[in-house]
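**Q** In the UniProt record's numbering, the protein residues as written are 1 to 125.
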Amino acid sequence: MTGPADTVRAFWDAMASNDFHAASRWLSPDFRLDWPQSGEVTEGPAAFAAVNTAYPASGRWRFDIRRLVAEGETVVTEVHVTDGATKAVALTFHTVRAGRIARQVEYWPDPYDPPEWRAQWVRRT
Numbered sequence: 001m002t003g004p005a006d007t008v009r010a011f012w013d014a015m016a017s018n019d020f021h022a023a024s025r026w027l028s029p030d031f032r033l034d035w036p037q038s039g040e041v042t043e044g045p046a047a048f049a050a051v052n053t054a055y056p057a058s059g060r061w062r063f064d065i066r067r068l069v070a071e072g073e074t075v076v077t078e079v080h081v082t083d084g085a086t087k088a089v090a091l092t093f094h095t096v097r098a099g100r101i102a103r104q105v106e107y108w109p110d111p112y113d114p115p116e117w118r119a120q121w122v123r124r125t
């Protein structure tokens, strides 16, 4: 039997195929994706596949799971995403029910230059 973490790994593997309709098979019929930073909601697997297919890209998307933490039906992932030109990090909170992802709350933090005032205590990575 597979658990929620396995479902989320399979979802990201499907995303790496760049066939977002195939990836949407890991979503429940009542799937909801929240992007709190922009105040947007995507509802249903078809809308998820459509928005990801329509996203302007410079090449094939690659997804690298850097961290995955699971507790019960909740799985959190840190995924580094690139199309060769754009590089981003997605922090996604997945809720998995009956082997499908029912909800995602996803944050796409923007990188920024560190403030000068703390330079004496930190180093750039």
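Quick reminder that beta carbons are idealized off the backbone N, C-alpha and C, glycines included.
It should be emphasised that the depicted structure is a prediction, and the values quoted were computed from it without experimental measurement.
Rounded to whole angstroms, what's the CA-CA distance from Ala46 to Lys87? Just pull it up for me.
**A** 25 Å
**Q** Distance check for Thr2 and Val69, CA to CA, integer angstroms please.
**A** 15 Å
**Q** Starting from residue 128, trace the alpha helix (DSSP H) in both directions and tell me its first and last residue.
**A** One cannot answer for residue 128 here, as it falls past the ends of the chain, which runs 1 to 125.
**Q** Starting from the C-beta of Phe93, find all residues in its chain whose C-beta is less than 6 Å away, skip the five residues before and the five after it, and write them out in chain order.
**A** Val76, Val105
**Q** My output table needs one value for Trp26: the three-state DSSP class, helix, strand or coil.
**A** helix
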